[in-house]
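Reading through the structure tokens given below for one structure.
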Ligand code: AHR
């Protein structure tokens, strides 16, 4: 089958938001300990953080990192993680049934971010804590020297305020699994009051209210409306979370997961704009898609609690080629919504449902899903273009008919570089792609075509074979100024043109 796409530099969705290439570090088993931090590791720096992992993170290219949770934050006392290491308490983290030593806390994390040139995005605990703790945490992190809390930070070795700009008001407060779970009315009030207090300290803060934990939540839609109705004037963003996996072996719907993301984002935008209308306001609440990924929750649910408690590792999924195609496609969808999605964080960064894996004391390697993220973050250009496409559809049980080709384009009007990201979502049929160059003076030149594709869609990378799945050159050629390429079934592509 053939698919043609037509683009025009005049038809823009909006500026590319670099915060769409975010990630997430939660205190959840091996994400922090033996993930980013392992003082006994041969590559550890003087702060105890792994250099081999840091190098992979730099190559991956995330821009903003959410911390410290996740479910963890709803039981977390930030004070446990600051001050002399010897005085920090060891606690049971109720959310994940884990012993938390607090060796890594806010100062260690924020200084690691500075060293790696990553923007931090902190979450306050609105599950078991409230307005006062948020005010105190904010002063500790961002306060100028001269008050008790900021001077505590100075004594702990960091005189300068960290100036963290963007803050999450709790985590997944709609979920019954959340410590301190609330109704939308309760949470909306608490979010408003916390945000009001935080803005008294600094009106320029960007604050994120909790939205829904997924689109299937019974309160989806109502939650956003009720919460935003209460904190509309105090927040800039509302969060969304989504994890995808093949449900009951339905791989075709899984490959079309971006369809769910699209409907999710559109519904939240519609709800936020409805609340704006009722508030007689033109304010556009933006979305922070601060947890998204492939996550095999069915496998996780099968594990009995005693095993979960005993295990060193937790939710360390191993990803295959098909999962990488889905991740690439989810990134495509996030870029397509750059007009209203301002932040997105893949969950998580290391070991826990992550693009980077480590062996304690040993190697670090890239999972398959590392590659579409790294290529998109590296090659996406400053403007996202609308893509008009014509081509075949595939039928899915979950979403009905969807386009077989899923694509987005980004453009640099200074250099004329055009980068198309595309996925062939069919499990069986290749696709012949043509890019119509008419709006680019009738001719386009090929710079590079890389793809993720394999005869075995379930191939994955391991410590022993870390480069089993890597991006390989695709088949693109240009004839009479028209780029064409064959996209194999279950494949993801980065097509660089100029
Ligand atoms: O990322 C793993 C968990 O998924 C997070 O802690 C939680 O917010 C979500 O349910």
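Numbering (the UniProt record's numbering), first residue to last: 5 to 502. All residues carry an ideal CB built from backbone N, CA and C; glycine is no exception.
query, result
"Pairing CB atoms from the region 489 to 496 with CB atoms from the region 423 to 436, are three or more of them under 8 Å?", "yes"
"In this structure, how does DSSP classify residue 483 when only helix, strand and coil are distinguished?", "strand"
"With burial defined as no fewer than 16 other Cβ atoms inside 10 Å of the residue's Cβ, what is the status of residue 466: buried or exposed?", "exposed"
"Starting from residue 330 and walking both ways along the beta strand (DSSP E), at which residues does that stretch end?", "Counting along the chain, residue 330 falls outside any beta strand (DSSP E), though it belongs to the alpha helix (DSSP H) covering 325 to 340."
"Let me check you understand the geometry: is the CB of residue 452 closer than 7 Å to at least one non-hydrogen atom of the ligand AHR?", "no"
"Taking 6 Å as the limit between beta carbons, can you name the residues of its chain near residue 201, skipping five residues before and five after?", "135, 139"
"Could you have a look at residue 147 and say whether DSSP puts it in helix, strand or coil?", "coil"
"One question on the structure: do residue 130 and residue 204 come within less than 8 Å of each other, judged by their Cβ atoms?", "no"
"Measuring only from the beta carbon, is residue 357 closer than 7 Å to any heavy atom that is part of the ligand AHR?", "yes"
"Please name the residue or residues paired with residue 6 in a DSSP beta bridge.", "436"
"Return yes when at least one heavy atom of the ligand AHR lies under 7 Å from the C-beta of residue 183, else no.", "no"
"List in chain order: all unbroken alpha helix (DSSP H) runs of 4+ residues lying wholly within the region 166 to 224.", "188 to 205"
"Could you pull out every unbroken alpha helix (DSSP H) segment of at least 4 residues lying fully inside the region 85 to 165, listed in chain order?", "110 to 120, 135 to 146, 152 to 159"
"Do residue 454 and residue 482 come within 8 Å of each other at the CB atom, strictly closer than that value?", "no"
"Out of curiosity, what's the CA-to-CA distance linking residue 126 and residue 72?", "7 Å"
"For residue 300, I'd like the list of residues in its chain whose CB is within less than 6 Å of its CB, leaving aside the five on either flank, ordered along the chain.", "249, 321"
"Leaving aside the five residues before and after residue 382 along the sequence, list all residues of the same chain whose C-beta is less than 8 Å from its C-beta, in chain order.", "65"
"To which residues of the same chain is residue 258 closer than 6 Å at the C-beta, ignoring the five residues directly before and after it?", "250"
"Could you check where the beta strand (DSSP E) with residue 495 kicks off and where it finishes?", "495 to 501"
"Are residue 78 and residue 132 close, meaning C-beta to C-beta below 8 Å?", "yes"
"Can you grab the Cα-Cα spacing for the pair residue 243 / residue 485, in whole Å?", "43 Å"
"Name the DSSP beta bridge partners of residue 488, please?", "438, 481"
"Is the beta carbon of residue 341 sitting closer than 8 Å to the one on residue 294?", "no"
"Out of 208, 475, 122, which one is the CA nearest neighbour of residue 68?", "122"
"Residues in its own chain within less than 8 Å of residue 144 by CB, not counting five upstream and five downstream?", "82, 86, 110, 153, 154, 156, 157"
"Is there contact between the region 432 to 441 and the region 23 to 36, where contact requires at least three CB pairs shorter than 8 Å?", "no"
"Among 468, 108, 56, which has the Cα closest to the Cα of residue 80?", "108"
"Just list the residues that DSSP pairs residue 288 with in beta bridges.", "Looking at the DSSP assignment, residue 288 forms no beta bridge with any residue, so it has no partner."
"From residue 260 to residue 469, what distance separates their C-alpha atoms?", "28 Å"
"Would you say residue 388 and residue 362 are within 8 Å of each other, going by their C-beta atoms?", "no"
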